[in-house]
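Using UniProt numbering, count along the sequence shown one by one with no gaps and you end on 303. A virtual CB, placed ideally from N, CA and C, is assigned to each residue, including glycine.
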Amino acid sequence: MTDPITPKSAADAPTLLTAWKAAQARLKTGRIDSPAIDARLLLEAAAGASRMDILTDPYRPITADQLSAYEAMVERRLKREPVSRIVGKKGFWKIMLNVTPDVLSPRPDTETLMDVSMLAFGKTEAFDAIDLGTGSGAILLALLAERPAARGVGTDISSEALAVAKENAANLDLNDRATFLRTEWAAGFGDASFDLVLSNPPYIPTDHIATLDPEVRDHDPHLALDGGPDGLQAYRDLAPEVKRILKPLGVFAVEIGFDQGPQVKALFEAAGFTDVKIIKDLGERDRVVTNGPDPRTNPIPQD
């Protein structure tokens with residue numbers, strides 16, 4: 001049993017620093033990855049503090065209500081509930097998104113799609129993009145935030161996910177350039193409609209889901225995880241559809257599992273794409289299949 005965050009006496013009145021340190025110790029004892037970061041993010045939410053507040057005003061007292069809320073959040077994290085679920089928000093690329101149990105919590109690995117997109121289209125270039133299986137809208141909204149002349153569509157079969165994406169678009173003031181529609185992948189869109197097609201589809205083999213970390217297995221929607229018996233069913237469905245809706249000189253990029261590169265590359269080549277390549281993420285794992293530029297060999301222009 002770890003010590004609670006609550007002070008033993010009035011003389012030990014909690015501050016941002018003491019609460020953070022106590023929570024950090026509890027999370028570390030509970031074998032939670034990144035205990036210092038998780039404790040800080042939860043403290044920011046519970047105490048209405050910013051990262052800068054904790055660093056520059058560490059002895060700021062926190063109220064009993066804030067401490068109670070913080071303890072409840074720490075307890076949830078100790079039960080392996082992700083921080084993003086507890087606070088209802090998650091950062092992705094350069095934007096902050098609302099997340100709910102109806103959407104996949106965006107991950108840093110997925111930012112590899114953004115690396116490709118930033119190279120494919122210049123900052124002032126006008127183009128039309130689509131994000132297939134948009135979930136929270138993370139990929140599309142991060143893209144539109146970076147490319148002010150672009151417009152985009154996000155599709156999903158989950159009405160609940162689309163409601164989250166629409167709210168995120170409104171919060172980011174992007175709802176004039178982002179449209180969200182309920183449909184299966186690209187059903188209903190005309191041929192050669194888009195310059196850029198992006199997707200992070202479900203790619204976990206069905207019988208592997210039970211082996212995932214509790215943060216994913218118990219808190220991400222299985223609809224967004226289950227890629228069928230071999231994890232490749234979404235790519236079989238997507239490859240011909242992507243070929244159909246993409247303009248002749250357009251770019252596609254799809255996220256993959258670290259061990260799926262050759263198989264997914266072959267599926268897109270069979271659909272008629274040439275110059276298909278596998279892109280690695282920052283952890284040196286295969287992460288994206290695309291016909292676009294490789295960020296490893298083409299640095300992203302800054303303007």
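I'd like the list of long-range same chain contacts for residue i, defined as Cβ closer than 6 Å, with 5 residues on each side in sequence excluded.
i, result
"Asp281", "Asp109, Thr112 and Arg287"
"Arg177", "Leu144 and Arg151"
"Ala45", "Val87"
May I ask you to report which of helix, strand or coil DSSP gives residue i?
i, result
"Lys123", "coil"
"Phe273", "coil"
"Ser117", "helix"
"Gly154", "strand"
"Phe258", "coil"
"Pro248", "strand"
"Leu42", "helix"
"Pro240", "helix"
Straight-line CA distance for residue i to residue j?
i, j, result
"Thr206", "Arg182", "24 Å"
"Asp156", "Val197", "14 Å"
"Asn291", "Ile278", "9 Å"
"Gly228", "Pro202", "8 Å"
"Lys8", "Met118", "Reliability fails at Lys8, whose pLDDT of 49 lies under 50, so the model's placement of it is uncertain and the value that follows must be treated cautiously. In a straight line, the C-alpha of Lys8 is about 53 Å away from that of Met118."
"Val264", "Asp237", "11 Å"
"Ala10", "Leu172", "Residue placement at Ala10 is poorly supported in this model, since its pLDDT is 44, which falls under 50; the coordinates still yield a value, given next. The alpha-carbon atoms of Ala10 and Leu172 are separated by roughly 43 Å."
"Phe268", "Glu167", "33 Å"
At what residues does the alpha helix (DSSP H) containing residue i begin and finish?
i, result
"Arg287", "Where Arg287 is concerned, there is no enclosing alpha helix (DSSP H), although the beta strand (DSSP E) it sits in stretches over Asp286 to Thr290."
"Leu223", "Note, Leu223: premise wrong, no alpha helix (DSSP H); not H, not E."
"Thr29", "Leu16 to Thr29"
"Ser159", "Ser159 to Asn171"
Looking only at its chain, what residues have a beta carbon closer than 8 Å to the beta carbon of residue i, apart from the 5 residues adjacent to it on each side?
i, result
"Thr2", "Its pLDDT being 46, under 50, Thr2 is placed unreliably in this model, and the coordinates cannot settle the point."
"Met114", "Trp93, Ile139, Ala142, Leu143 and Glu146"
May I ask you to check if the CB of residue i is nearer than 7 Å to at least one heavy atom of the ligand COA?
i, result
"Arg31", "Ligands are entirely absent from the displayed structure, and the ligand COA is therefore not among its contents."
When the distance is taken between beta carbons, is residue j closer than 8 Å to residue i?
i, j, result
"Leu140", "Asp131", "yes"
"Ser199", "Gly133", "yes"
"Leu144", "Ala150", "yes"
"Asp195", "Lys123", "no"
"Leu225", "Ile204", "yes"
"Val135", "Ala165", "For clarity, residue 135 is Gly in the given sequence; the question names Val instead. It is a contact, given that the beta carbons lie within the stated cut-off."
Just reading off the beta strand (DSSP E) that residue i is part of, what are its end residues?
i, result
"Lys94", "Neither: Lys94 is in no beta strand (DSSP E) and is coded neither H nor E."
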